[in-house]
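Participant:
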Amino acid sequence: MRKTLSILFVAVMAIFLSACGSNTSEETVNTTEVADDGFIPAEYISTSGSAQPGEETRIQLEDGAAIVVPSNSIDNDVSFIVERSPEKAKTLPPLGDNVVQLGDFYNFEVTEGEIIGPVDLVLPFDEALIPREQGVLVFGYPTEDGWEYIPVEAQDDKVTLYTAQVGDPLIAWHFVETDLKNSAVCDPKIPLSLTQNGESFLLQGKLDVRSRNILEFFGGANPKPAASVRVHIKINQRDIREQGQYIVETDENGVFSLEINSLRGLKEGWNWVFVNADCESLFEEFAYHSEGYAEFKYEPEKEVEETQEEVVETVPEEEMPEGAILLPDFVGKSLDEAEDWLDENGFGYITIDGSSYLDMGLVYHQAPSGGSYKVPHRTIVLLNNTASKIEDPFGCAEFELTSAEMANCLFTGTYTSTVLYEYEFPNTDGSCKPREKPSGNPLQRLKYIEDLGKVAENTYCLSNCSQKTIYTDQGYILEQYDMTFGTLHCRILYSFE
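Here my numbering is used: the first residue of the sequence shown is 152, the next is one more, and so on.
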(Lines of atoms letter the chains of each structure in order from A and count residues from 1; the text may use other names and numbers.)
(Lines give C-alpha, C1' and ligand atoms only; values in the text may rest on other atoms or scores of the structure.)
Protein backbone atom coordinates (compact mmCIF):
# COMPACT_ATOMS: atom_id res chain seq x y z
CA MET A 1 0.00 0.00 0.00
CA ARG A 2 1.35 3.43 -0.85
CA LYS A 3 2.74 5.59 1.92
CA THR A 4 0.05 8.28 1.88
CA LEU A 5 -3.55 7.08 1.99
CA SER A 6 -6.01 9.75 0.92
CA ILE A 7 -9.60 8.47 0.93
CA LEU A 8 -12.36 10.92 0.09
CA PHE A 9 -16.06 10.29 0.70
CA VAL A 10 -19.43 11.76 -0.14
CA ALA A 11 -22.78 10.12 0.73
CA VAL A 12 -25.21 10.45 -2.18
CA MET A 13 -28.34 8.96 -3.69
CA ALA A 14 -29.26 8.35 -7.34
CA ILE A 15 -32.91 7.96 -8.23
CA PHE A 16 -34.13 6.13 -11.33
CA LEU A 17 -36.42 3.20 -11.96
CA SER A 18 -36.87 2.27 -15.61
CA ALA A 19 -40.42 1.38 -16.58
CA CYS A 20 -42.76 1.70 -19.55
CA GLY A 21 -44.77 4.87 -19.99
CA SER A 22 -44.09 8.60 -19.74
CA ASN A 23 -45.67 9.00 -16.27
CA THR A 24 -42.93 6.90 -14.65
CA SER A 25 -40.25 9.00 -16.32
CA GLU A 26 -41.77 12.26 -15.05
CA GLU A 27 -42.09 10.91 -11.52
CA THR A 28 -38.42 9.94 -11.52
CA VAL A 29 -37.28 13.44 -12.50
CA ASN A 30 -39.47 15.09 -9.90
CA THR A 31 -38.27 12.82 -7.08
CA THR A 32 -34.64 13.47 -7.99
CA GLU A 33 -35.12 17.21 -7.66
CA VAL A 34 -36.80 16.93 -4.27
CA ALA A 35 -34.05 14.70 -2.86
CA ASP A 36 -31.33 16.97 -4.25
CA ASP A 37 -32.90 20.06 -2.74
CA GLY A 38 -33.38 18.34 0.60
CA PHE A 39 -29.69 17.97 1.47
CA ILE A 40 -27.74 20.78 3.14
CA PRO A 41 -24.01 20.15 3.68
CA ALA A 42 -22.78 20.49 7.26
CA GLU A 43 -20.02 22.85 8.35
CA TYR A 44 -16.36 21.87 8.29
CA ILE A 45 -15.04 19.86 11.24
CA SER A 46 -11.93 17.72 11.65
CA THR A 47 -10.06 15.54 14.10
CA SER A 48 -6.73 13.73 14.13
CA GLY A 49 -5.06 10.91 16.01
CA SER A 50 -2.36 8.27 16.01
CA ALA A 51 -2.41 4.47 15.95
CA GLN A 52 0.21 2.16 17.46
CA PRO A 53 1.11 -1.39 16.37
CA GLY A 54 -0.63 -4.12 18.34
CA GLU A 55 -3.62 -1.94 19.27
CA GLU A 56 -6.94 -1.38 17.51
CA THR A 57 -7.49 2.36 17.16
CA ARG A 58 -10.67 4.30 16.31
CA ILE A 59 -10.44 7.97 15.25
CA GLN A 60 -13.93 9.48 15.04
CA LEU A 61 -15.72 12.73 14.30
CA GLU A 62 -18.63 13.88 16.46
CA ASP A 63 -21.13 12.87 13.74
CA GLY A 64 -19.94 9.24 13.76
CA ALA A 65 -17.62 9.24 10.74
CA ALA A 66 -14.53 7.24 11.71
CA ILE A 67 -11.51 5.25 10.65
CA VAL A 68 -10.82 2.02 12.58
CA VAL A 69 -7.26 0.71 12.30
CA PRO A 70 -6.81 -3.02 13.19
CA SER A 71 -3.85 -3.95 15.36
CA ASN A 72 -1.92 -5.63 12.56
CA SER A 73 -2.64 -3.12 9.79
CA ILE A 74 0.41 -1.09 10.82
CA ASP A 75 3.94 -1.97 11.95
CA ASN A 76 4.92 1.53 13.13
CA ASP A 77 3.12 4.54 14.61
CA VAL A 78 0.80 6.13 12.01
CA SER A 79 -1.02 9.48 12.19
CA PHE A 80 -4.38 10.22 10.57
CA ILE A 81 -6.68 13.17 9.92
CA VAL A 82 -10.45 12.89 9.39
CA GLU A 83 -12.32 15.86 7.87
CA ARG A 84 -15.95 16.64 7.04
CA SER A 85 -16.73 19.04 4.16
CA PRO A 86 -13.10 19.90 3.30
CA GLU A 87 -12.19 22.26 0.45
CA LYS A 88 -11.11 19.39 -1.82
CA ALA A 89 -14.76 18.26 -2.12
CA LYS A 90 -15.17 20.87 -4.84
CA THR A 91 -12.62 19.06 -7.07
CA LEU A 92 -14.58 15.80 -7.44
CA PRO A 93 -15.99 14.96 -10.90
CA PRO A 94 -19.75 15.45 -11.47
CA LEU A 95 -21.95 12.79 -9.90
CA GLY A 96 -24.33 12.54 -12.86
CA ASP A 97 -27.91 13.56 -13.54
CA ASN A 98 -29.40 10.63 -11.62
CA VAL A 99 -27.42 11.18 -8.38
CA VAL A 100 -28.41 13.28 -5.37
CA GLN A 101 -26.40 13.77 -2.22
CA LEU A 102 -27.36 11.84 0.92
CA GLY A 103 -24.55 12.80 3.28
CA ASP A 104 -21.53 14.98 3.77
CA PHE A 105 -18.18 14.65 2.02
CA TYR A 106 -15.34 13.18 4.12
CA ASN A 107 -11.59 13.01 3.76
CA PHE A 108 -9.53 10.28 5.49
CA GLU A 109 -5.80 10.79 5.16
CA VAL A 110 -2.55 9.35 6.51
CA THR A 111 -0.37 12.30 7.55
CA GLU A 112 2.61 10.33 8.89
CA GLY A 113 3.72 6.71 8.45
CA GLU A 114 2.03 4.02 6.34
CA ILE A 115 -0.55 1.26 6.67
CA ILE A 116 0.15 -2.32 5.53
CA GLY A 117 -3.32 -3.87 5.75
CA PRO A 118 -7.04 -3.07 5.38
CA VAL A 119 -8.90 -0.63 7.65
CA ASP A 120 -12.56 0.06 8.48
CA LEU A 121 -14.05 3.34 7.23
CA VAL A 122 -17.39 4.37 8.76
CA LEU A 123 -19.61 6.80 6.82
CA PRO A 124 -22.88 8.27 8.16
CA PHE A 125 -25.69 9.37 5.85
CA ASP A 126 -29.30 10.58 6.13
CA GLU A 127 -31.74 7.67 5.77
CA ALA A 128 -34.65 10.12 5.55
CA LEU A 129 -33.49 11.14 2.08
CA ILE A 130 -33.67 7.60 0.66
CA PRO A 131 -36.13 7.70 -2.26
CA ARG A 132 -39.00 5.27 -2.68
CA GLU A 133 -37.85 4.31 -6.17
CA GLN A 134 -35.86 1.15 -6.67
CA GLY A 135 -32.09 1.34 -6.91
CA VAL A 136 -28.92 0.14 -5.26
CA LEU A 137 -26.53 1.65 -2.73
CA VAL A 138 -23.04 1.74 -4.22
CA PHE A 139 -19.46 2.49 -3.32
CA GLY A 140 -18.03 4.67 -6.11
CA TYR A 141 -14.54 5.55 -7.33
CA PRO A 142 -13.93 8.63 -9.54
CA THR A 143 -12.06 8.11 -12.80
CA GLU A 144 -11.14 10.29 -15.75
CA ASP A 145 -14.36 9.18 -17.45
CA GLY A 146 -16.64 9.59 -14.43
CA TRP A 147 -17.47 7.16 -11.61
CA GLU A 148 -17.18 3.38 -11.25
CA TYR A 149 -19.55 1.70 -8.78
CA ILE A 150 -19.48 -1.32 -6.45
CA PRO A 151 -22.67 -2.29 -4.51
CA VAL A 152 -22.48 -2.08 -0.69
CA GLU A 153 -24.79 -2.60 2.29
CA ALA A 154 -25.76 -0.24 5.10
CA GLN A 155 -26.61 -0.80 8.75
CA ASP A 156 -28.96 1.76 10.26
CA ASP A 157 -27.61 5.14 9.10
CA LYS A 158 -24.00 4.13 8.43
CA VAL A 159 -21.91 2.22 5.92
CA THR A 160 -18.77 0.44 7.11
CA LEU A 161 -16.16 -0.36 4.45
CA TYR A 162 -13.45 -2.90 5.27
CA THR A 163 -11.00 -2.01 2.57
CA ALA A 164 -7.41 -1.70 1.48
CA GLN A 165 -8.42 0.20 -1.66
CA VAL A 166 -7.18 3.73 -2.19
CA GLY A 167 -8.73 6.56 -4.15
CA ASP A 168 -11.70 8.89 -3.82
CA PRO A 169 -14.86 6.85 -3.11
CA LEU A 170 -18.37 7.96 -2.28
CA ILE A 171 -21.71 6.39 -1.33
CA ALA A 172 -24.51 6.68 -3.90
CA TRP A 173 -27.95 5.35 -4.83
CA HIS A 174 -27.77 4.21 -8.45
CA PHE A 175 -30.76 3.69 -10.74
CA VAL A 176 -30.96 0.50 -12.75
CA GLU A 177 -33.24 -0.96 -15.39
CA THR A 178 -33.14 -4.43 -13.84
CA ASP A 179 -35.76 -5.97 -11.55
CA LEU A 180 -33.80 -6.14 -8.29
CA LYS A 181 -36.07 -8.79 -6.80
CA ASN A 182 -34.28 -11.45 -8.84
CA SER A 183 -30.80 -9.91 -8.81
CA ALA A 184 -27.98 -11.28 -6.69
CA VAL A 185 -24.68 -9.84 -5.47
CA CYS A 186 -21.87 -11.26 -3.38
CA ASP A 187 -21.57 -10.44 0.30
CA PRO A 188 -18.97 -7.64 0.61
CA LYS A 189 -17.13 -9.45 3.43
CA ILE A 190 -15.59 -12.89 2.98
CA PRO A 191 -15.37 -14.69 6.37
CA LEU A 192 -12.12 -16.61 6.83
CA SER A 193 -10.87 -19.28 9.23
CA LEU A 194 -7.34 -20.64 9.72
CA THR A 195 -6.53 -24.03 11.23
CA GLN A 196 -2.95 -24.98 12.04
CA ASN A 197 -1.72 -28.38 10.91
CA GLY A 198 1.87 -28.75 12.05
CA GLU A 199 4.03 -26.40 9.98
CA SER A 200 1.20 -25.21 7.75
CA PHE A 201 -2.21 -23.54 8.06
CA LEU A 202 -5.42 -24.42 6.22
CA LEU A 203 -7.17 -21.25 5.05
CA GLN A 204 -10.92 -21.65 4.47
CA GLY A 205 -13.49 -19.10 3.40
CA LYS A 206 -17.01 -18.89 2.12
CA LEU A 207 -18.44 -16.51 -0.46
CA ASP A 208 -22.17 -15.89 -0.09
CA VAL A 209 -24.62 -14.40 -2.56
CA ARG A 210 -27.37 -12.21 -1.14
CA SER A 211 -30.60 -11.66 -3.05
CA ARG A 212 -31.12 -7.97 -3.59
CA ASN A 213 -34.65 -6.80 -2.88
CA ILE A 214 -35.41 -3.17 -2.09
CA LEU A 215 -37.59 -4.17 0.90
CA GLU A 216 -34.82 -6.21 2.48
CA PHE A 217 -31.94 -4.01 1.33
CA PHE A 218 -31.16 -2.47 4.70
CA GLY A 219 -32.12 -5.52 6.70
CA GLY A 220 -29.92 -8.06 4.90
CA ALA A 221 -31.07 -11.26 3.24
CA ASN A 222 -30.62 -14.99 3.55
CA PRO A 223 -27.17 -15.94 2.21
CA LYS A 224 -26.77 -18.39 -0.66
CA PRO A 225 -23.48 -19.92 -1.83
CA ALA A 226 -21.52 -18.34 -4.69
CA ALA A 227 -20.21 -21.25 -6.76
CA SER A 228 -17.37 -21.24 -9.32
CA VAL A 229 -16.06 -17.78 -8.37
CA ARG A 230 -12.32 -17.07 -8.68
CA VAL A 231 -10.80 -15.91 -5.38
CA HIS A 232 -7.45 -14.09 -5.27
CA ILE A 233 -5.32 -14.71 -2.17
CA LYS A 234 -2.30 -12.65 -1.04
CA ILE A 235 -0.12 -13.68 1.91
CA ASN A 236 2.08 -11.23 3.87
CA GLN A 237 2.31 -8.69 1.07
CA ARG A 238 2.81 -5.13 2.28
CA ASP A 239 1.17 -3.71 -0.82
CA ILE A 240 -1.90 -5.63 -1.99
CA ARG A 241 -1.32 -4.32 -5.52
CA GLU A 242 2.09 -5.99 -5.94
CA GLN A 243 2.46 -9.10 -8.09
CA GLY A 244 2.32 -12.61 -6.66
CA GLN A 245 -0.93 -14.18 -5.56
CA TYR A 246 -2.77 -17.50 -5.47
CA ILE A 247 -6.03 -18.04 -7.32
CA VAL A 248 -8.56 -20.66 -6.22
CA GLU A 249 -12.19 -21.28 -7.16
CA THR A 250 -15.20 -21.74 -4.90
CA ASP A 251 -17.00 -25.09 -4.92
CA GLU A 252 -20.74 -25.63 -5.24
CA ASN A 253 -21.17 -24.48 -1.62
CA GLY A 254 -19.24 -21.26 -2.15
CA VAL A 255 -16.32 -22.61 -0.08
CA PHE A 256 -12.65 -22.25 -1.01
CA SER A 257 -9.42 -23.30 0.72
CA LEU A 258 -5.65 -23.01 0.42
CA GLU A 259 -2.79 -24.53 2.40
CA ILE A 260 -0.39 -21.84 3.63
CA ASN A 261 3.18 -23.00 4.27
CA SER A 262 6.73 -21.65 4.06
CA LEU A 263 6.72 -22.02 0.28
CA ARG A 264 3.70 -19.70 0.14
CA GLY A 265 5.06 -16.99 2.42
CA LEU A 266 4.37 -18.37 5.92
CA LYS A 267 6.81 -16.85 8.42
CA GLU A 268 7.47 -17.11 12.14
CA GLY A 269 5.42 -14.67 14.23
CA TRP A 270 2.41 -12.74 12.96
CA ASN A 271 1.13 -13.38 9.44
CA TRP A 272 -1.79 -11.92 7.52
CA VAL A 273 -3.81 -12.95 4.51
CA PHE A 274 -5.97 -10.80 2.21
CA VAL A 275 -8.51 -12.29 -0.20
CA ASN A 276 -10.78 -10.69 -2.77
CA ALA A 277 -13.25 -11.86 -5.37
CA ASP A 278 -15.48 -10.34 -8.04
CA CYS A 279 -18.88 -11.88 -8.75
CA GLU A 280 -20.57 -11.51 -12.09
CA SER A 281 -21.68 -7.94 -12.72
CA LEU A 282 -25.03 -7.03 -11.25
CA PHE A 283 -25.71 -4.55 -13.99
CA GLU A 284 -23.85 -3.55 -17.11
CA GLU A 285 -21.55 -1.04 -15.43
CA PHE A 286 -21.21 -2.77 -12.04
CA ALA A 287 -18.50 -5.16 -10.86
CA TYR A 288 -19.25 -6.42 -7.36
CA HIS A 289 -16.20 -6.73 -5.11
CA SER A 290 -15.81 -8.79 -1.94
CA GLU A 291 -12.88 -8.84 0.49
CA GLY A 292 -11.66 -10.81 3.48
CA TYR A 293 -8.76 -10.33 5.88
CA ALA A 294 -7.32 -12.46 8.69
CA GLU A 295 -4.26 -12.37 10.92
CA PHE A 296 -2.67 -15.33 12.65
CA LYS A 297 0.48 -16.23 14.58
CA TYR A 298 2.88 -19.06 13.75
CA GLU A 299 5.34 -20.34 16.32
CA PRO A 300 7.44 -23.31 15.10
CA GLU A 301 7.96 -26.11 17.57
CA LYS A 302 11.16 -25.56 19.56
CA GLU A 303 13.68 -28.35 20.01
CA VAL A 304 14.14 -29.68 23.53
CA GLU A 305 17.57 -28.97 25.00
CA GLU A 306 18.89 -31.96 26.92
CA THR A 307 21.67 -31.73 29.51
CA GLN A 308 23.02 -34.23 32.01
CA GLU A 309 21.29 -32.40 34.85
CA GLU A 310 17.87 -31.69 33.39
CA VAL A 311 15.72 -31.52 30.29
CA VAL A 312 14.63 -27.98 29.47
CA GLU A 313 11.67 -27.56 27.14
CA THR A 314 11.49 -24.20 25.43
CA VAL A 315 7.89 -23.05 25.09
CA PRO A 316 7.10 -19.69 23.46
CA GLU A 317 5.12 -17.32 25.64
CA GLU A 318 1.54 -16.88 24.47
CA GLU A 319 0.66 -13.26 23.82
CA MET A 320 -2.85 -12.27 24.83
CA PRO A 321 -4.37 -10.00 22.14
CA GLU A 322 -5.95 -6.86 23.54
CA GLY A 323 -9.71 -7.21 23.93
CA ALA A 324 -9.63 -11.01 23.53
CA ILE A 325 -12.23 -13.20 25.26
CA LEU A 326 -12.39 -16.94 25.84
CA LEU A 327 -14.02 -18.79 22.94
CA PRO A 328 -16.20 -21.68 24.22
CA ASP A 329 -16.12 -25.23 22.89
CA PHE A 330 -19.31 -25.59 20.84
CA VAL A 331 -18.74 -29.22 19.78
CA GLY A 332 -21.75 -31.28 20.87
CA LYS A 333 -23.91 -28.16 21.40
CA SER A 334 -26.75 -27.01 19.18
CA LEU A 335 -25.97 -24.77 16.23
CA ASP A 336 -28.55 -22.22 17.46
CA GLU A 337 -26.81 -22.00 20.84
CA ALA A 338 -23.42 -21.47 19.20
CA GLU A 339 -24.71 -18.81 16.80
CA ASP A 340 -26.56 -16.96 19.61
CA TRP A 341 -23.38 -16.76 21.70
CA LEU A 342 -21.27 -15.59 18.75
CA ASP A 343 -23.84 -12.91 17.83
CA GLU A 344 -24.06 -11.63 21.42
CA ASN A 345 -20.28 -11.39 21.75
CA GLY A 346 -19.54 -9.75 18.40
CA PHE A 347 -17.96 -12.69 16.55
CA GLY A 348 -18.50 -13.42 12.88
CA TYR A 349 -19.13 -17.01 11.82
CA ILE A 350 -19.82 -19.26 8.86
CA THR A 351 -21.69 -22.55 8.93
CA ILE A 352 -20.98 -25.57 6.73
CA ASP A 353 -23.32 -28.56 6.77
CA GLY A 354 -21.81 -32.04 6.95
CA SER A 355 -22.18 -35.57 8.31
CA SER A 356 -21.23 -36.79 11.77
CA TYR A 357 -22.26 -39.27 14.43
CA LEU A 358 -23.82 -36.52 16.55
CA ASP A 359 -27.53 -35.77 16.45
CA MET A 360 -28.96 -33.48 13.77
CA GLY A 361 -28.33 -29.79 14.38
CA LEU A 362 -25.35 -30.29 16.69
CA VAL A 363 -21.91 -28.78 16.03
CA TYR A 364 -19.33 -31.50 15.34
CA HIS A 365 -16.30 -29.27 14.66
CA GLN A 366 -15.26 -25.66 15.03
CA ALA A 367 -12.25 -23.53 14.07
CA PRO A 368 -10.65 -21.88 15.99
CA SER A 369 -11.14 -24.55 18.62
CA GLY A 370 -12.75 -23.83 21.97
CA GLY A 371 -10.62 -22.78 24.93
CA SER A 372 -8.60 -20.19 22.98
CA TYR A 373 -8.71 -16.41 23.47
CA LYS A 374 -9.86 -14.50 20.39
CA VAL A 375 -10.72 -10.86 19.60
CA PRO A 376 -14.38 -10.26 18.58
CA HIS A 377 -14.97 -8.40 15.28
CA ARG A 378 -11.61 -9.69 13.96
CA THR A 379 -12.38 -13.41 14.41
CA ILE A 380 -14.52 -15.53 12.11
CA VAL A 381 -15.54 -18.89 13.64
CA LEU A 382 -16.14 -21.87 11.33
CA LEU A 383 -18.96 -24.13 12.58
CA ASN A 384 -19.53 -27.58 11.07
CA ASN A 385 -23.21 -28.45 11.52
CA THR A 386 -24.56 -32.01 11.56
CA ALA A 387 -26.98 -32.01 8.62
CA SER A 388 -27.00 -35.81 8.26
CA LYS A 389 -26.29 -38.46 10.88
CA ILE A 390 -23.96 -41.42 10.25
CA GLU A 391 -25.06 -44.53 12.10
CA ASP A 392 -21.82 -46.57 12.12
CA PRO A 393 -18.16 -45.45 12.01
CA PHE A 394 -16.63 -46.27 8.64
CA GLY A 395 -14.60 -49.48 8.99
CA CYS A 396 -16.09 -50.24 12.42
CA ALA A 397 -19.32 -51.94 11.40
CA GLU A 398 -20.09 -55.04 13.44
CA PHE A 399 -20.11 -57.42 10.47
CA GLU A 400 -16.52 -56.48 9.59
CA LEU A 401 -14.82 -56.72 13.01
CA THR A 402 -14.49 -59.25 15.77
CA SER A 403 -15.97 -58.46 19.17
CA ALA A 404 -12.55 -57.48 20.51
CA GLU A 405 -11.85 -55.25 17.50
CA MET A 406 -15.28 -53.66 17.78
CA ALA A 407 -14.73 -52.83 21.46
CA ASN A 408 -11.31 -51.39 20.69
CA CYS A 409 -12.64 -49.41 17.75
CA LEU A 410 -15.68 -47.87 19.39
CA PHE A 411 -15.29 -47.70 23.13
CA THR A 412 -11.76 -47.77 24.52
CA GLY A 413 -10.51 -44.63 22.80
CA THR A 414 -6.98 -46.04 22.42
CA TYR A 415 -6.29 -44.41 19.07
CA THR A 416 -2.89 -42.76 18.77
CA SER A 417 -2.05 -39.46 17.11
CA THR A 418 0.28 -41.09 14.59
CA VAL A 419 -0.55 -42.37 11.13
CA LEU A 420 -1.41 -46.05 11.24
CA TYR A 421 -0.45 -46.80 7.67
CA GLU A 422 1.73 -45.60 4.80
CA TYR A 423 0.52 -45.83 1.23
CA GLU A 424 1.95 -45.91 -2.26
CA PHE A 425 0.58 -45.13 -5.72
CA PRO A 426 -1.78 -47.71 -7.25
CA ASN A 427 -0.55 -50.80 -8.99
CA THR A 428 -0.32 -50.78 -12.78
CA ASP A 429 -3.52 -52.80 -12.99
CA GLY A 430 -5.46 -49.98 -11.30
CA SER A 431 -5.74 -51.54 -7.85
CA CYS A 432 -4.44 -49.78 -4.73
CA LYS A 433 -1.11 -51.00 -3.41
CA PRO A 434 -0.88 -51.59 0.37
CA ARG A 435 2.08 -51.45 2.73
CA GLU A 436 2.32 -53.67 5.76
CA LYS A 437 0.21 -52.56 8.72
CA PRO A 438 2.34 -51.74 11.81
CA SER A 439 1.73 -54.13 14.67
CA GLY A 440 0.12 -53.11 17.94
CA ASN A 441 -2.28 -50.53 16.52
CA PRO A 442 -6.07 -50.87 16.33
CA LEU A 443 -7.38 -52.56 13.23
CA GLN A 444 -8.59 -50.19 10.51
CA ARG A 445 -10.43 -50.97 7.30
CA LEU A 446 -9.47 -49.14 4.13
CA LYS A 447 -11.45 -49.68 1.00
CA TYR A 448 -11.63 -48.48 -2.55
CA ILE A 449 -14.93 -47.72 -4.14
CA GLU A 450 -15.38 -48.00 -7.88
CA ASP A 451 -17.83 -45.95 -9.91
CA LEU A 452 -20.54 -48.62 -9.60
CA GLY A 453 -20.24 -48.66 -5.81
CA LYS A 454 -18.41 -52.00 -5.71
CA VAL A 455 -16.44 -52.47 -2.48
CA ALA A 456 -13.22 -54.46 -1.89
CA GLU A 457 -11.64 -54.79 1.55
CA ASN A 458 -8.07 -54.43 2.82
CA THR A 459 -6.94 -52.06 0.08
CA TYR A 460 -4.84 -49.02 0.85
CA CYS A 461 -3.94 -45.90 -1.14
CA LEU A 462 -1.75 -42.78 -1.09
CA SER A 463 -3.19 -40.00 1.10
CA ASN A 464 -2.46 -37.08 -1.23
CA CYS A 465 -6.08 -36.13 -1.61
CA SER A 466 -8.92 -34.00 -0.30
CA GLN A 467 -9.76 -34.20 3.38
CA LYS A 468 -13.00 -34.37 5.33
CA THR A 469 -13.00 -34.60 9.13
CA ILE A 470 -15.81 -36.25 11.08
CA TYR A 471 -16.21 -36.52 14.85
CA THR A 472 -17.85 -39.50 16.52
CA ASP A 473 -19.92 -39.30 19.67
CA GLN A 474 -17.30 -41.50 21.35
CA GLY A 475 -14.92 -38.55 21.27
CA TYR A 476 -12.28 -39.59 18.74
CA ILE A 477 -11.66 -38.38 15.22
CA LEU A 478 -11.69 -40.24 11.95
CA GLU A 479 -10.09 -38.34 9.10
CA GLN A 480 -11.42 -39.57 5.78
CA TYR A 481 -9.49 -38.97 2.57
CA ASP A 482 -10.89 -39.44 -0.93
CA MET A 483 -8.93 -39.46 -4.16
CA THR A 484 -9.39 -40.59 -7.75
CA PHE A 485 -7.10 -42.54 -10.08
CA GLY A 486 -8.98 -42.66 -13.37
CA THR A 487 -12.17 -44.53 -12.53
CA LEU A 488 -10.78 -45.79 -9.21
CA HIS A 489 -11.79 -43.97 -6.02
CA CYS A 490 -9.74 -44.71 -2.88
CA ARG A 491 -10.82 -43.95 0.68
CA ILE A 492 -8.40 -43.77 3.59
CA LEU A 493 -9.02 -43.59 7.34
CA TYR A 494 -6.61 -42.35 9.97
CA SER A 495 -7.34 -42.36 13.69
CA PHE A 496 -6.25 -39.91 16.40
CA GLU A 497 -6.64 -39.46 20.12
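Think of the CB as a built atom: it goes at the ideal place given N, C-alpha and C, for glycine as much as any other residue.
Since residue 340 sits in a beta bridge, which residues does DSSP pair it with?
Facilitator: Answer by DSSP bridge pairing, in chain order: 442.
Participant: Can you check DSSP and say which residues form a bridge with residue 506?
Facilitator: Residue 506 pairs with 539.
Participant: Helix, strand or coil for residue 530 per DSSP?
Facilitator: Reduced to three states, the DSSP call for residue 530 is coil.
Participant: In terms of residue numbering, what span does the beta strand (DSSP E) encompassing residue 243 cover?
Facilitator: Per DSSP, residue 243 belongs to no beta strand (DSSP E) and is neither H nor E.
Participant: Report the option in 206, 207 and 266 whose CA atom is closest to the CA atom of residue 225.
Facilitator: Cα-wise, what sits closest to residue 225 is 266.
Participant: Would you kindly work out how many angstroms separate the C-alpha atoms of residue 442 and residue 192, rounded to a whole number?
Facilitator: Roughly 31 Å between the two C-alpha positions.
Participant: Just list the residues that DSSP pairs residue 487 with in beta bridges.
Facilitator: None, per the DSSP bridge assignment.
Participant: Of all the options 498, 513, 235 and 504, which has the alpha carbon lying nearest to the alpha carbon of residue 488?
Facilitator: Cα-wise, what sits closest to residue 488 is 513.
Participant: Name, in chain order, the residues that DSSP records as bridge partners for residue 401.
Facilitator: According to DSSP, residue 401 bridges with nothing at all.
Participant: Under a CB-based cut-off of 8 Å, is residue 475 close to chain B?
Facilitator: This model lacks chain B altogether, as it is built from one protein chain only.
Participant: Since residue 421 sits in a beta bridge, which residues does DSSP pair it with?
Facilitator: Looking at the DSSP assignment, residue 421 forms a beta bridge with 448.
Participant: Can you give the beta carbon distance from residue 478 to residue 408, rounded, assuming they're within the 8 Å contact cut?
Facilitator: At roughly 21 Å, the Cβ-Cβ gap does not stay under 8 Å, so residue 478 and residue 408 are not in contact.
Participant: Does the Cβ of residue 254 have 16 or more other Cβ atoms within 10 Å, making it buried, or fewer, making it exposed?
Facilitator: Residue 254 comes out buried.
Participant: As a quick exercise: from 203, 384, 531 and 420, pick the residue whose alpha carbon is nearest that of residue 449.
Facilitator: It is 420 whose Cα lies nearest to the Cα of residue 449.
Participant: Below 8 Å on the Cβ atoms is my contact criterion, and I expect residue 540 with residue 510 to pass it. Report the Cβ-Cβ distance as a whole number of Å.
Facilitator: At roughly 7 Å, the Cβ-Cβ gap stays under 8 Å, so residue 540 and residue 510 are in contact.
Participant: Measuring only the C-alpha atoms, how far is residue 620 from residue 537?
Facilitator: Low confidence applies here, because residue 620 scores a pLDDT of 35, under 50, leaving its location unreliable and the question unanswered by this model.
Participant: Could you give the residue range of the beta strand (DSSP E) that holds residue 406?
Facilitator: From DSSP, the beta strand (DSSP E) with residue 406 extends over 406 to 411.
Participant: Which residues in the same chain have their Cβ closer than 8 Å to the Cβ of residue 400, if we skip the five residues on either side of it in sequence?
Facilitator: Excluding positions up to five away in sequence, the list reads 379, 380, 381, 382 and 407.
Participant: Please tell me whether residue 220 and residue 270 are closer than 8 Å, where the distance is taken between their beta carbons.
Facilitator: Result yes, Cβ atoms of residue 220 and residue 270 sit closer than 8 Å.
Participant: Here's a check: name, in chain order, each residue in its chain whose Cβ is nearer than 8 Å to the Cβ of residue 496, leaving out the five neighbours to either side.
Facilitator: Result list for residue 496: 476 and 527, in chain order.
Participant: With distances taken Cα to Cα, identify the nearest neighbour of residue 201 among 231, 445, 398 and 223.
Facilitator: It is 231 whose Cα lies nearest to the Cα of residue 201.
Participant: Between residue 344 and the rest of its own chain, which residues show a CB-CB distance below 6 Å, the 5 nearest in sequence each way excluded?
Facilitator: Closer than 6 Å at Cβ, skipping near neighbours: 355, 518, 531 and 533.
Participant: Measure the C-alpha to C-alpha separation of residue 243 and residue 259 and round it to an integer number of angstroms.
Facilitator: Roughly 15 Å separates the two Cα atoms.
Participant: Strictly by DSSP, which residues pair up with residue 200?
Facilitator: According to DSSP, which records beta bridges pairwise, residue 200 is partnered with 231.
Participant: Alpha carbon to alpha carbon, how far is residue 238 from residue 429? Give it in angstroms, no decimals.
Facilitator: If I take the Cα positions, the gap works out to 34 Å.
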